[in-house]
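As they're listed, the protein sequences go chains A and B. No gaps in the numbering here: position 289 of the first sequence is 1569 in my numbering, and each next residue is one more. No gaps in the numbering here: position 35 of the second sequence is 98 in my numbering, and each next residue is one more.
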Amino acid sequence: MTSVAPPRPSAVRAPDVAPRRGLGRRLTRFAPLVPALLLLLVFFAGPMLWSVYTAFTNLALTGSSTVSFVGVDNFTRLIHDPSFLHSLWLTLVFVVGSAVIGQNTLGLLIALLLRGRSRLARSVVTGLVIAAWAVPETVAGFCWYAFLYRTGSLNELLGHLGLSQNWLYTTPMLAVILANVWRGTAFSMLVYSAALSEVPPDLIEAAAMDGASAWQRLRHITLPLIRRAIVSNLMLITLQTLAAFGLIYVMTGGGPGTASQTTPLYMYQQSFKFYQLGYGTAMALVLLAVGALFSAIYLRLIRLEDR
Amino acid sequence: MTDLTAARRGTSRVVTYLVLAIIAVAFLLPFAWLVLASVQPGAALSADMSWTFSAANFQDVLTVDTIFRPMLNSVLISGGTALLTVLVAVLAAYPLSRYQSRFGRSFLYIILFSTGLPITAVMVPVYAMYSRINLIDSIPGTIAFMSASSLPFAAWMMKNFMDGVPISLEEAAWTDGAGWFQSLHRIVLPLMVPGLTVVFIFTFVLQWGNFFVPFILLLSPEKQPASVTIYTFFSQYGQVAYGQLAAFSILYTAPVVVFYSALSRVLGGAFSLTGAVKG
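Here is the structure:
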């Protein structure tokens, strides 16, 4: 496009298009991609590449200008840091408990139960589930904080049974897992409702005629047919849950002690409270690597259709 | 159909509705405190019912410092992010949707790959970079990063919406010598207003609730959006005014509710966001 073309009569233009089919034309075609590329490079890829470098330095926000290269020290420190290993374990518990088991199963269950129900039932249930999803993270945190607190609504209900306790102290992980199931189930529910709507009903009716029980129909017909949706959903919710911060931070702050300090919270503490940016970045890289791995698996699974 | 199966059908229907009712109540309960506490004077954390209701909590938080400025900041930050994201995503979606090429496809893969990366982890290096180039505590800087982080998903949705506009409509324009910009501006965009609205609202709502990014990047209270000030409001004082916190939460959540209902109207009743996601 930058070539200086001499003015010419429009009749000559048509044959002139042919030579432009090459690089120039391709550049013109993809020009609208430039803003997106710039934004992603400067504010996304750039910091991440830079973090690869930072993770090998002792950069700290304490004002000292001497940043020296410390090699793999940050990573050796990571694998010998019991707090980090503990946080990784809690992250695993959080992801498996709230996403893989909680949101995934509950989302599928709700989608299955809502199939063929009345309009009213569908809109009430999906409305409530989506409301929990739509509420901002901090507000969701407050709702659950108040719900589970020693004098909160849940204990008000359980008090009659003698089960009243401060759930945020006795079982902080269970508390944040439940809150995250509440908050994130909508996504799985929507994915599964869409997938189930594409399962041909006559297939299921035929199986019912042949005497297949509801469980058999689910196990041998419905689940295999929505297999792809299940795998996609598992990958996506794992990615969404892996780096969850706000909900846990508002509810427990990682406590009591470090009882609910997942890796993102530990990373936050090290980077922004103790100003160990180099160390924090090493942790960020570990999280990014895990995220990248799941993202790559997800891409292999969905395969772009336009080939 | 025999009587037996009919009876069994009936029982399973009852069980189904029972389970659905339990699920609905379970999802409703955590909201209970929020609503009750907001209308009761001197509310504590408990949801005990005293039958006195007042709007005092709402009146107390309706001040410039508590709610108006943070909400205005939220509108500015989320609105700016949504606008920038939609603009850049539309431009990026056009070649991705219209031309088949290896380059376009690899870009699409990169975009999809980036949607999966944990933003929380990206924040540490972004903070380090921003503190070096003096973009900490800058609203435009925050908007830029938020747009970059919401761009991959927005571009992906946008491409899927644009795929729905038949290319044959444009071919006539192309033979008349229209460039890509005219074709996009005159033909494609007017036909995908619902898609644009969905991407805008989706980005806006997501960033309206975003806590971590502004929490890290914006330091002065007069620049922080409601998602952050609501947290400081909650943790700052020893004696938290829970009634006011609940009122604040409701006012802060209200725009999201409005936008979600708008979204479901745009999408024609059924909330089919996943239709755009599925690809």
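Heads up, the beta-carbon is just placed ideally off N, CA and C, and yes, glycines get one too.
The alpha helix (DSSP H) enclosing residue i, as first and last residue numbers
i: B:R249; result: Counting along the chain, B:R249 falls outside any alpha helix (DSSP H), and DSSP gives it neither H nor E.
i: B:K376; result: Because chain B in this structure spans residues 64 to 342, residue 376 of chain B falls outside the shown range and cannot be described.
i: A:R1399; result: 1399-1414
i: B:Q270; result: 256-271
i: B:P104; result: From DSSP, B:P104 is part of no alpha helix (DSSP H); its letter is neither H nor E.
i: A:Q1383; result: Unbroken run through A:Q1383: none, as it is neither H nor E.
i: B:E122; result: In the sequence on display, residue 122 of chain B carries Gln and not Glu. From DSSP, the alpha helix (DSSP H) with B:Q122 extends over 119-124.
i: B:L146; result: 132-161
i: A:A1524; result: Looking at the DSSP string, A:A1524 is not in any alpha helix (DSSP H), and its letter there is neither H nor E.
i: B:V189; result: 182-195
i: A:I1506; result: No alpha helix (DSSP H) contains A:I1506, which DSSP labels as neither H nor E.
i: A:L1303; result: 1303-1309
i: B:V116; result: Residue 116 of chain B is actually Phe in this sequence, not Val. No alpha helix (DSSP H) holds B:F116; DSSP gives it neither H nor E.
i: B:D200; result: No alpha helix (DSSP H) holds B:D200; DSSP gives it neither H nor E.
i: B:V321; result: 305-329
i: A:Y1425; result: 1417-1428
i: B:F166; result: 165-178
i: B:F278; result: 275-280
i: A:V1471; result: 1452-1476
Cut-off 7 Å between Cβ atoms - residues of its own chain near residue i, not counting five sequence neighbours on either side
i: B:G142; result: F267
i: B:A218; result: A152, A155, A156, I174
i: B:P318; result: W271
i: A:F1422; result: V1530
i: A:L1368; result: T1543
Chain-order list of residues whose beta-carbon lies under 6 Å from that of residue i (same chain, five-residue window excluded)
i: B:S160; result: K222, M225, D226
i: B:A100; result: A106, Y305, G306, A309
i: B:N120; result: S101, G306, Q307, A310
i: B:M186; result: I279
i: A:Y1472; result: G1387, L1388, A1391
i: A:R1305; result: none
i: B:W41; result: Given that chain B is displayed from residue 64 to residue 342, the structure contains no residue 41 of chain B and the question cannot be resolved.
Of the listed residues the options, nearest to residue i (C-alpha basis)
i: A:V1405; options: B:G242, B:I85, B:I140, B:L326; result: B:I85
i: B:P104; options: B:F94, B:V98, B:F116; result: B:F116
i: A:L1567; options: A:A1335, A:T1308, A:R1309, A:L1319; result: A:A1335
i: B:V262; options: B:L83, B:E233, B:P284, B:L214; result: B:L214
i: B:A191; options: A:P1504, A:L1579, A:G1560; result: A:G1560
i: A:A1562; options: A:A1509, A:L1318, A:L1358, A:G1304; result: A:L1358
i: B:R72; options: A:A1494, A:P1362, A:F1323; result: A:A1494
i: B:A145; options: B:D123, B:S177, B:A211, B:R328; result: B:A211
i: B:F274; options: B:T74, B:V251, B:T295; result: B:T295
i: A:S1575; options: A:I1528, A:N1513, A:E1485; result: A:N1513
i: A:G1533; options: B:V320, B:L314, B:F297, B:L81; result: B:F297
i: B:I313; options: B:T79, B:L81, B:I130, B:V82; result: B:I130
i: B:Y162; options: B:S177, B:V82, B:L83, B:I230; result: B:I230
Proximity test, Cβ basis, 9 Å: residue i and chain C
i: A:G1464; result: Given the protein chain composition of this structure (A and B), no chain C is represented.
Short CB-CB distance (under 9 Å) between residue i and chain A
i: B:Y294; result: yes
i: B:V262; result: no
i: B:L254; result: no
i: B:T79; result: yes
i: B:A110; result: Any answer about B:A110 is weak, because its pLDDT of 49 lies below 50 and its placement is not dependable; what the coordinates show is given next. Yes, B:A110 lies at the interface with chain A (some Cβ there is under 9 Å from its Cβ).
i: B:N197; result: no
i: B:T178; result: yes
i: B:N273; result: yes
i: B:P93; result: yes
i: B:L336; result: The predicted position of B:L336 is uncertain, since its pLDDT is 47 and thus under 50; no value can be drawn from it.
i: B:S212; result: yes
i: B:L97; result: yes
i: B:Q287; result: no
is_contact[residue i, chain B] using C-beta, thresh 9 Å
i: A:R1306; result: yes
i: A:S1575; result: yes
i: A:S1378; result: no
i: A:S1363; result: no
i: A:G1560; result: yes
i: A:W1369; result: no
i: A:W1447; result: no
i: A:F1552; result: yes
i: A:L1408; result: yes
i: A:A1486; result: no
Heavy atom of the ligand PLP within 8 Å of residue i beta-carbon
i: B:W271; result: Within the structure as shown, the ligand PLP is missing, as the structure has no ligands at all.
Spatial neighbours of residue i in its chain, beta-carbon cut-off 8 Å, leaving aside the 5 residues before and after
i: A:I1517; result: A1379, V1380, Q1383, N1384, G1464, F1467, S1468
i: B:A110; result: A caution first: B:A110 carries a pLDDT of 49, below 50, which makes its placement in the model unreliable, though a value can still be read off. Taken in chain order, the residues that qualify are A95, W96, L99, A100.
i: A:A1401; result: L1394
The region 1385-1402 of chain A touching the region 1413-1423 of chain A, judged by at least three CB pairs closer than 8 Å
Using a Cβ-Cβ distance cut-off of 8 Å, the region 1385-1402 of chain A and the region 1413-1423 of chain A are not in contact, since fewer than three pairs of beta carbons, one from each stretch, lie closer than that value.
Measuring CB atoms only, is the region 308-327 of chain B touching the region 1552-1563 of chain A, in the sense that at least three cross pairs come out at less than 8 Å?
The region 308-327 of chain B vs the region 1552-1563 of chain A: no contact.
Counting pairs of beta carbons, one from the region 1539-1555 of chain A and one from the region 1366-1375 of chain A, are three or more of them closer than 8 Å?
Under the 8 Å Cβ criterion, the region 1539-1555 of chain A counts as touching the region 1366-1375 of chain A, having at least three qualifying pairs.
Would you call the region 238-248 of chain B and the region 203-214 of chain B touching, i.e. three or more CB-CB distances under 8 Å?
Not touching, per the Cβ criterion.
State whether the region 132-147 of chain B contacts the region 283-299 of chain B, with contact taken as three or more CB pairs (one from each stretch) at a distance under 8 Å.
In short, these stretches touch, since the Cβ pair count reaches three.
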